[in-house]
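Data block below; observations after.
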DNA sequence: CAATTATTTTAATCTGGATTAAAATAATCC
DNA sequence: GGATTATTTTAATCCAGATTAAAATAATTG
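Chains as they are written, first to last, in my numbering: chain A, 33 to 234; chain B, 33 to 234.
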């Protein structure tokens, strides 16, 4: 059986397809990208994609699952590595942005969740909410441990997620911009969280 | 001639249509909203919309023009009223969010610019860039006048625009949330801009 | 109120891109 | 290398939703 190698090849192609799709969706918009567009990025014809995916809806669904997974991974890693709330938040920003601009990107903006079929939609929404709550918990912990300014964590979380999720709208792969993003963006987000105490000794 | 009253009525309906469309696009996604959906919000049938607009592309285009105009208006008003950079920025946040959650909203998220036909796309992109530059100039001025922390204005501007533009993704008209948004969100965005000096006397 | 204009509807079309079927090529295995 | 499986292609369908045409209703005007 070639099942090991076969799976690997299949999974590889599928992964490439998802990244190509994310790229197209982010650049051309959802309705603006046909399956032909996605296939073209891979050097294939459109029906070839049906070997990997049941239909376009499922392609979007998988893109969003992937986006959710990478975001989740970034936050979990940050929680593992970090000490206090601010430290975790900052690490999370770095990891997530690294995902977006690095080898594992791009990550699809979840602009078309409503077009997913109900069970897919619910699943993606649940993941999305979980991630938000997860991040809000980090903020709360940070407020308690004194590393973050007191704030409305729901709103602050939404503000930060918006900043991050919007990145693909203006970052289109320019490497120098990518470097800046990685270096400066996390700091910018963190600045809004900084409490007077930590500012004082800066 | 009924031209005065006629125009008024026509314009009123057209305005309602644009707001209905923005609401649908933000809630159901672009591809997820058919002209029937938009018409239904108005209590009409789909072909009625063609009395106001040449086609769906133009409907989106007008939504985006409107979004750009309201954002521009918010910033211009802030510049008129405000004193220093921070003051202007804060006023801009308030005005813009007021537009989104108030009577004049909702404002469409510009997620489908790439699907616009070339001249429309270019026009909307130009307006969008102009607004960004406009806001970046406010940030620069604020840094010079000492009311804002020194920062990369391009990145900071992008971060803030992301936060604002993402709002319709999680705010869906809940009034209590709307109140919170109006009261707290501008502060949250401003906090990230605050310089040590102004923080000190807070 | 008759006439004119504005707005909306009902009933067809029309179409691009998704999808399917069948055949062709490429890879892998014994 | 021949057989089997994996991947892709070419060539048709197919269809939801956009669009158009013609007719009906509502508003306005003199």
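Note that beta-carbon positions come from the ideal geometry of N, C-alpha and C, so glycine has one too.
Rounded to whole angstroms, what is the Cα-Cα separation between residue i and residue j?
i	j	result
residue 150 of chain A	residue 91 of chain A	15 Å
residue 82 of chain B	residue 195 of chain A	36 Å
residue 109 of chain A	residue 64 of chain A	35 Å
residue 88 of chain B	residue 136 of chain B	22 Å
residue 53 of chain A	residue 141 of chain B	21 Å
residue 164 of chain B	residue 144 of chain A	25 Å
residue 76 of chain B	residue 59 of chain B	19 Å
residue 3 of chain B	residue 197 of chain A	Residue numbering for chain B in the displayed model covers 33 to 234; residue 3 of chain B lies beyond these limits and cannot be assessed.
residue 124 of chain B	residue 107 of chain B	5 Å
residue 148 of chain B	residue 93 of chain B	7 Å
residue 162 of chain B	residue 193 of chain A	24 Å
residue 105 of chain A	residue 99 of chain A	10 Å
residue 180 of chain B	residue 118 of chain A	22 Å
residue 35 of chain B	residue 85 of chain B	Residue confidence for residue 35 of chain B is low, a pLDDT of 36 falling below 50, so the modelled location carries little weight and cannot support an answer.
residue 221 of chain B	residue 171 of chain B	13 Å
residue 169 of chain A	residue 166 of chain B	36 Å
residue 97 of chain A	residue 48 of chain B	36 Å
residue 24 of chain B	residue 121 of chain A	The requested residue 24 of chain B is not part of the displayed model; chain B covers only 33 to 234.
residue 44 of chain B	residue 186 of chain B	38 Å
residue 178 of chain A	residue 227 of chain A	8 Å
residue 174 of chain A	residue 183 of chain A	10 Å
residue 210 of chain B	residue 158 of chain B	30 Å
residue 160 of chain A	residue 202 of chain B	11 Å
residue 41 of chain A	residue 206 of chain A	29 Å
residue 146 of chain A	residue 208 of chain B	24 Å
residue 134 of chain A	residue 101 of chain A	16 Å
residue 176 of chain A	residue 176 of chain B	35 Å
residue 232 of chain B	residue 116 of chain A	Per-residue confidence for residue 232 of chain B stands at a pLDDT of 48, beneath the threshold of 50, marking its modelled position as unreliable; the derived number appears in the next sentence. Their backbone Cα atoms lie some 24 Å apart in a straight line.
Please list the terminal residues of the continuous alpha helix (DSSP H) segment that includes residue i.
i	result
residue 92 of chain A	88 to 113
residue 71 of chain A	67 to 74
Once the 5 residues before and after residue i are set aside, which same chain residues still bring their CB inside 6 Å of it?
i	result
residue 204 of chain A	none
residue 78 of chain A	67, 68 and 71
residue 95 of chain B	50, 53, 54 and 140
residue 113 of chain A	123
residue 73 of chain B	52
residue 152 of chain B	93
residue 62 of chain A	144
Among residues of its own chain, excluding the 5 on either side of residue i, which ones have a beta-carbon nearer than 8 Å to its beta-carbon?
i	result
residue 129 of chain A	196, 199, 213, 214, 217 and 218
residue 224 of chain B	188, 191 and 192
Output needed for residue i: all residues of its chain with C-beta closer than 7 Å, excluding positions within five of it in sequence on either side, in chain order.
i	result
residue 7 of chain A	An answer regarding residue 7 of chain A cannot be provided, because it is not within the stretch 33 to 234 covered by chain A.
residue 80 of chain A	71
residue 155 of chain B	none
residue 127 of chain B	106, 109 and 110
residue 46 of chain A	84
Please state the DSSP three-state secondary structure of residue i.
i	result
residue 225 of chain A	coil
residue 62 of chain B	coil
Just list the alpha helix (DSSP H) runs in the region 125 to 212 of chain A, keeping only unbroken ones of 4 residues or longer that don't cross its boundaries, in chain order.
150 to 176 and 185 to 202
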